[in-house]
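Trainee: Sequential numbering from 315 applies to the sequence shown in this note's numbering. Here a beta-carbon is modelled for each residue, glycine too, at the ideal position from N, C-alpha and C.
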Amino acid sequence: MPAIAPHAPHTALAGPGASEGHGWAAQWPRLPGLLVALGIAAIAIAMGRWHWLADHGLSPLVLAIALGIAAGNTVYPRWAAACDAGVGHAKQTWLRAGIVLYGLRLTLQDIAHLGWAGLAVDALVLSSTFVLAVWLGTRWLGLERSTAVLIGAGSSICGAAAVLATAPVARARNDQVAVAVATVVVFGTLAVFIYPTLAAALQPAVGDPRFAGLYMGSTIHEVAQVVAAGRSLGEGTADMAIVAKLVRVLMLAPFLVALSWWLGRDRSGRDGQSGHAGRQPAIAVPWFAVAFMAVVALHSLFPLPAVVSQAAMTLDTVLLATAMAALGLGTHHTAIRRAGIRPLILASVLFAWLLGGGALINAVALRLG
Numbered sequence: 315m316p317a318i319a320p321h322a323p324h325t326a327l328a329g330p331g332a333s334e335g336h337g338w339a340a341q342w343p344r345l346p347g348l349l350v351a352l353g354i355a356a357i358a359i360a361m362g363r364w365h366w367l368a369d370h371g372l373s374p375l376v377l378a379i380a381l382g383i384a385a386g387n388t389v390y391p392r393w394a395a396a397c398d399a400g401v402g403h404a405k406q407t408w409l410r411a412g413i414v415l416y417g418l419r420l421t422l423q424d425i426a427h428l429g430w431a432g433l434a435v436d437a438l439v440l441s442s443t444f445v446l447a448v449w450l451g452t453r454w455l456g457l458e459r460s461t462a463v464l465i466g467a468g469s470s471i472c473g474a475a476a477v478l479a480t481a482p483v484a485r486a487r488n489d490q491v492a493v494a495v496a497t498v499v500v501f502g503t504l505a506v507f508i509y510p511t512l513a514a515a516l517q518p519a520v521g522d523p524r525f526a527g528l529y530m531g532s533t534i535h536e537v538a539q540v541v542a543a544g545r546s547l548g549e550g551t552a553d554m555a556i557v558a559k560l561v562r563v564l565m566l567a568p569f570l571v572a573l574s575w576w577l578g579r580d581r582s583g584r585d586g587q588s589g590h591a592g593r594q595p596a597i598a599v600p601w602f603a604v605a606f607m608a609v610v611a612l613h614s615l616f617p618l619p620a621v622v623s624q625a626a627m628t629l630d631t632v633l634l635a636t637a638m639a640a641l642g643l644g645t646h647h648t649a650i651r652r653a654g655i656r657p658l659i660l661a662s663v664l665f666a667w668l669l670g671g672g673a674l675i676n677a678v679a680l681r682l683g
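In structure tokens:
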């Protein structure tokens, strides 16, 4: 049986800032890059407060990577030599810290509020969407597995945050992350306009007042997009949608552990087929996924004062937006162009499945529940 080992960062995302130094002296070379990424994140967070962008579900994370890509393909190359160390540090260490703090947005009580039917819906939507993404992306569209995995994670769990969290486990490149986030933006934005009308039309046929909220929360990509779509049908629907979405986010940690196990086992099998079989390598367990679950559990048992919790969530947004900006700075437009239309085709099929298959799963679960 393979050993279990802490997840080690992969160089595809680690970049020049991957090697960790100790003490203040080691941090100085990172400062210029961190300040650049942090500045872009600050602009994105400020833009995220604009009503028009918020109403269309465009979160600070999505805006940060978009601004990062824009800067990375215009002015940033002139500063790259001085900034790459800090940018690499942001997209590695700050990313993982942000994922851990993301657990403060959730509690185990969210599961109790949703009930078994809602929990089953979230689990079925997540697993079916991800399996479809990997199967269709690799078998039929010829995408690299990392690209299919990232698009599947973004569509099935929590959009850009899931793409970010999955990237180191899948050993993804910057351009693959950017492409996956782009699909979240395109189809998540479409969802804000399509879902309210569709959910309102289907709800009388289902005959359960929980349907619209559960349907939107279990199938729309980003938390911000769920909020935008849910509020258009009233606060009650929005509340149910947000709880369903947060429980989906709670599944991120076990998903990452399972994904790490599967990818590690698959790589071991390929090594054996190529004649390099030896002692079976350790299966990497992403430490930040375990820490994420620990934060959720602690927050559930020992709630923080509101002011402390709000400050921690603000810090979390800053960390994740800075990591997104750093990823954008390292993504060249030619790499995105090379990806072609196939990632968009995959994301469109997944979106159609979330619309149709997600509605069916919700309707059946509510009838049985």
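Measuring CB to CB, does G468 end up less than 7 angstroms from A494?
Mentor: yes
Trainee: Looking only at its chain, what residues have a beta carbon closer than 7 angstroms to the beta carbon of G671, apart from the 5 residues adjacent to it on each side?
Mentor: S442
Trainee: Threshold first: 4 residues or longer. Then list the alpha helix (DSSP H) segments lying entirely within the segment 341-393, N to C.
Mentor: Annotation: the segment 341-393 contains the following complete segments of the alpha helix (DSSP H) (minimum length 4 residues), in chain order: 345-361, 365-369, 374-386.
Trainee: Less than 8 angstroms between the CB atoms is what I'm expecting for K405 and A637, so what's the real figure, rounded?
Mentor: 5 angstroms
Trainee: Which residue from S546, D436, S574 puts its Cα closest to that of R485?
Mentor: S574
Trainee: Can you tell me which of the three DSSP states R656 falls into?
Mentor: Note: R656 maps to helix in three-state DSSP.
Trainee: Would Y529 pass as a contact of A552 if the rule is Cβ separation under 7 angstroms?
Mentor: No; because the gap between Cβ atoms is not below 7 angstroms, this pair is not in contact.
Trainee: Rounded to whole angstroms, what's the CA-CA distance from L669 to T511? Just pull it up for me.
Mentor: 12 angstroms
Trainee: Shortest alpha-carbon distance to R562 belongs to which of A356, P343, R579, A475?
Mentor: Answer by Cα proximity: A475.
Trainee: I'd like the span of the alpha helix (DSSP H) that includes E549, first residue to last.
Mentor: 549-564
Trainee: I need the DSSP call for D278, collapsed to helix, strand or coil.
Mentor: The structure shown does not extend to residue 278, since the chain is modelled only from 315 through 683, so no value can be given for it.
Trainee: Taking Cβ to Cβ, would you say V520 is nearer than 7 angstroms to I675?
Mentor: No; because the gap between Cβ atoms is not below 7 angstroms, this pair is not in contact.
Trainee: Starting from Q539 and walking both ways along the alpha helix (DSSP H), at which residues does that stretch end?
Mentor: 537-545
Trainee: Given 6 angstroms as the limit, tell me if V520 has its C-beta closer than that to any heavy atom belonging to the ligand SAM.
Mentor: As presented, the structure is devoid of all ligands, the ligand SAM included, so that no description of it is given.
Trainee: Is N488 near H647, with beta carbons less than 7 angstroms apart?
Mentor: no
Trainee: Give the single residue among A380, G683, H427, S470 whose Cα lies nearest to the Cα of V448.
Mentor: S470
Trainee: Three or more beta-carbon pairs under 8 angstroms between the segment 454-462 and the segment 608-623, yes or no?
Mentor: no
Trainee: Take the Cβ of F616 as the centre, count every other Cβ of all protein chains shown within 10 Å, and call the residue buried at 16 or more, exposed below.
Mentor: exposed
Trainee: State yes or no: is the C-beta of A626 within less than 7 angstroms of the C-beta of L478?
Mentor: With respect to the 7 angstroms criterion, A626 and L478 are not classified as neighbours on the basis of their beta carbons.
Trainee: Which residue from F569, F444, L367 puts its Cα closest to that of T503?
Mentor: L367
Trainee: Buried or exposed for V445, please, with buried defined as at least 16 other CB atoms from any protein chain shown within 10 angstroms of its CB.
Mentor: exposed
Trainee: Over what stretch of residues does the alpha helix (DSSP H) that includes A605 continue unbroken?
Mentor: 601-615
Trainee: Which residues in the same chain have their Cβ closer than 7 angstroms to the Cβ of R410, if we skip the five residues on either side of it in sequence?
Mentor: F602
Trainee: Check for me: the alpha helix (DSSP H) holding H646 runs from which residue to which?
Mentor: Run containing H646: none; DSSP gives neither H nor E here.
Trainee: Is the beta carbon of R363 less than 7 angstroms from the beta carbon of G400?
Mentor: no
Trainee: What is the rounded straight-line gap between the Cα of H370 and the Cα of G382?
Mentor: 20 angstroms
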